[in-house]
Amino acid sequence: MPKERIILLSDCQSFYASVEKAAHPEYKDMPVAVGDPARMNGIVLAACPLAKARGVTTASRVGEALTKCPELVVIRPRMRTYITVSLLISQIYQGYTDMVEPFSIDEQFLDVTGSLNFFGGELQRVISSIQQHVQLSTGVWTRVGVGPTKILAKMANNLAKKQADGIFRLGYDNLDEVLWPLPVHDMFMVGGRMTKNFFRMGITTIGDIARMELGEFKRRMRMTMGKQSDIQAEYYWQTARGIDPSPVVTGIRHQIKSVGHGKALRWNLYTRLADIEVVLLELVIEVCQRARRYRYMGSVVSIAVSETDGNTSHSYSRQMTLPEPSFLTHEVAAAAYRLFVDHWTGMPLSRLAISISRLTDDSVMQLTLFDDRIRTYNKERAIDQIKTRYGSRALIRASSLLESGVALERAEQIGGHYK
Numbered sequence: 001m002p003k004e005r006i007i008l009l010s011d012c013q014s015f016y017a018s019v020e021k022a023a024h025p026e027y028k029d030m031p032v033a034v035g036d037p038a039r040m041n042g043i044v045l046a047a048c049p050l051a052k053a054r055g056v057t058t059a060s061r062v063g064e065a066l067t068k069c070p071e072l073v074v075i076r077p078r079m080r081t082y083i084t085v086s087l088l089i090s091q092i093y094q095g096y097t098d099m100v101e102p103f104s105i106d107e108q109f110l111d112v113t114g115s116l117n118f119f120g121g122e123l124q125r126v127i128s129s130i131q132q133h134v135q136l137s138t139g140v141w142t143r144v145g146v147g148p149t150k151i152l153a154k155m156a157n158n159l160a161k162k163q164a165d166g167i168f169r170l171g172y173d174n175l176d177e178v179l180w181p182l183p184v185h186d187m188f189m190v191g192g193r194m195t196k197n198f199f200r201m202g203i204t205t206i207g208d209i210a211r212m213e214l215g216e217f218k219r220r221m222r223m224t225m226g227k228q229s230d231i232q233a234e235y236y237w238q239t240a241r242g243i244d245p246s247p248v249v250t251g252i253r254h255q256i257k258s259v260g261h262g263k264a265l266r267w268n269l270y271t272r273l274a275d276i277e278v279v280l281l282e283l284v285i286e287v288c289q290r291a292r293r294y295r296y297m298g299s300v301v302s303i304a305v306s307e308t309d310g311n312t313s314h315s316y317s318r319q320m321t322l323p324e325p326s327f328l329t330h331e332v333a334a335a336a337y338r339l340f341v342d343h344w345t346g347m348p349l350s351r352l353a354i355s356i357s358r359l360t361d362d363s364v365m366q367l368t369l370f371d372d373r374i375r376t377y378n379k380e381r382a383i384d385q386i387k388t389r390y391g392s393r394a395l396i397r398a399s400s401l402l403e404s405g406v407a408l409e410r411a412e413q414i415g416g417h418y419k
């Protein structure tokens with residue numbers, strides 16, 4: 001019988017805010033949040049425990065947070081710094097095991113099954129050592145969930161956040177006692193909509209799913225969600241029982257399935273097609289540049305749009321298949337523009353995103369009778385090389401200098417936030 005794995009999910013507490021408090025010791029005893037202090041309608045990306053105790057929540061508006069907590073210190077995000085600290089934490093973890101898998105910028109899986117004996121074999125002591133190492137090196141406190149599978153380690157991490165030492169173990173021996181009595185919305189990947197579906201099925205706790213036979217659970221799912229719900233049913237049933245065969249994998253786990261970029265917009269500035277077209281083209285340029293860097297072409301172009309008039313809002317997405325796979329700006333832009341114009345209701349935009357999918361490698365490019373695609377590709381690759389060497393502001397379209405352009409702003413950001 002194979003040895004049961006020992007998998008950790010280590011999560012950084014209030015990561016962005018913790019990094020900022022470590023960088024600003026003068027704020028040690030003050031409530032701190034990370035957001036743009038110049039934008040009262042901007043969102044809070046992170047809040048330290050002191051700020052949370054005063055009612056500040058992640059994703060709340062900066063102005064709302066300051067109303068609840070007037071003494072709140074709001075610090076502009078520095079994404080490059082957070083990425084650097086995250087990579088440093090990865091290096092610390094790799095000193096304890098070579099099996100480290102990033103789950104997000106502030107969460108990482110560690111499989112310590114094979115390395116535990118090198119550190120004395122006492123799991124609690126090793127985890128405490130990891131926590132102290134990270135805190136002394138970065139100022140960030142970590143909480144650690146322990147389990148025989150990644151899914152149990154992840155759910156154990158949620159419980160670790162309530163422990164004084166920040167450590168909690170969830171195994172097959174205590175599932176029925178610890179996990180199963182919890183409300184179903186506490187299960188991983190169960191959101192508000194799925195919770196309502198479960199309530200309609202008479203399911204209120206995680207144990208209600210775990211104790212049910214899989215066939216019966218599938219039958220109930222079909223009655224509530226349709227015939228295509230069997231895969232979902234099996235996933236939730238396995239999650240409730242802690243079944244997860246996926247190993248901890250270092251590096252990039254899967255080939256990417258799509259390349260995309262999106263931008264939240266100040267809706268009152270994007271009411272005219274001429275202004276929206278500027279942003280659409282800028283997003284297409286970024287998507288195509290990234291696709292060329294990864295050596296992929298896409299056969300399907302998609303747009304995702306959020307519209308609002310300040311009172312009502314709605315979102316939609318649309319896609320179309322290109323005649324040939326492409327990563328050329330003018331071809332993807334033409335398709336994205338057509339999709340948008342055909343489906344835009346005329347309301348102001350609050351968000352726009354462009355992506356290409358159904359990716360193929362660029363080793364073979366289909367030639368066309370009337371367009372010199374190779375020449376266009378060589379031109380765009382030359383532009384890519386200039387931007388890579390001198391920065392994305394080195395070459396920019398004239399339309400991006402208009403008031404509606406966002407390319408210059410995005411050049412100062414990582415992931416939509418300031419570097």
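Numbered continuously in full-length UniProt numbering, the sequence shown closes out at residue 419. Ideal Cβ placement from N, Cα and C applies to all residues, glycine included. Quick caveat, the model's predicted, so the values are computed rather than measured.
{"Query": "Spatially closest choice to T321 from V300, I167, E331, L328, by CA coordinates", "Result": "V300"}
{"Query": "Whether V140 touches S18 by CB criterion (8 Å)", "Result": "yes"}
{"Query": "From P70, P247, H133, residue whose alpha carbon lies closest to that of residue 426", "Result": "Residue 426 is absent from the structure shown; the chain starts at 1 and stops at 419."}
{"Query": "Check whether S357 and G298 have beta carbons under 8 Å apart", "Result": "yes"}
{"Query": "A394 burial status per 10 Å Cβ neighbour count (16 or more: buried)", "Result": "exposed"}
{"Query": "Cβ neighbours of S115 in the same chain (closer than 7 Å, five flanking residues each side left out)", "Result": "Y96, T97"}
{"Query": "Spatial neighbours of R143 in its chain, beta-carbon cut-off 7 Å, leaving aside the 5 residues before and after", "Result": "D11, Q13, N157, A160, K161, G166"}
{"Query": "Cutoff 8 Å; reference V284; Cβ partners in own chain excluding five residues on either side", "Result": "T329, V332, A333, A336, I354"}
{"Query": "Extent of the continuous beta strand (DSSP E) run through R351", "Result": "349 to 361"}
{"Query": "Candidates L50, E64, V56, T138, of which the one nearest Y93 by Cα", "Result": "T138"}
{"Query": "Straight-line gap, Q289 to Q131 (C-alpha atoms, nearest Å)", "Result": "39 Å"}
{"Query": "Buried versus exposed call for R253 [16 or more other C-beta atoms within 10 Å across all chains shown]", "Result": "Residue confidence is low: R253 scores 48 on pLDDT, short of 50, so the model does not pin down where it sits. No coordinate-derived value is stated."}
{"Query": "Own chain partners of T81 with C-beta closer than 7 Å, once the 5 adjacent residues on each side are dropped", "Result": "V19"}
{"Query": "A304 versus S404, Q135, Y27, L280, residue with shortest Cα-Cα distance", "Result": "L280"}
{"Query": "Distance, K218 Cα to D230 Cα", "Result": "6 Å"}
{"Query": "Rounded Cβ spacing between M201 and T224 (contact assumed at less than 8 Å)", "Result": "6 Å"}
{"Query": "Inter-residue Cα distance where the pair is S363 and P325", "Result": "12 Å"}
{"Query": "Chain C within 8 Å of R219, Cβ atoms only", "Result": "No chain C appears in this structure, which consists of one protein chain only."}
{"Query": "N-terminal and C-terminal residue of the alpha helix (DSSP H) that C288 is part of", "Result": "273 to 294"}
{"Query": "Cβ neighbours of A65 in the same chain (closer than 7 Å, five flanking residues each side left out)", "Result": "A33, V44, V56, L72"}
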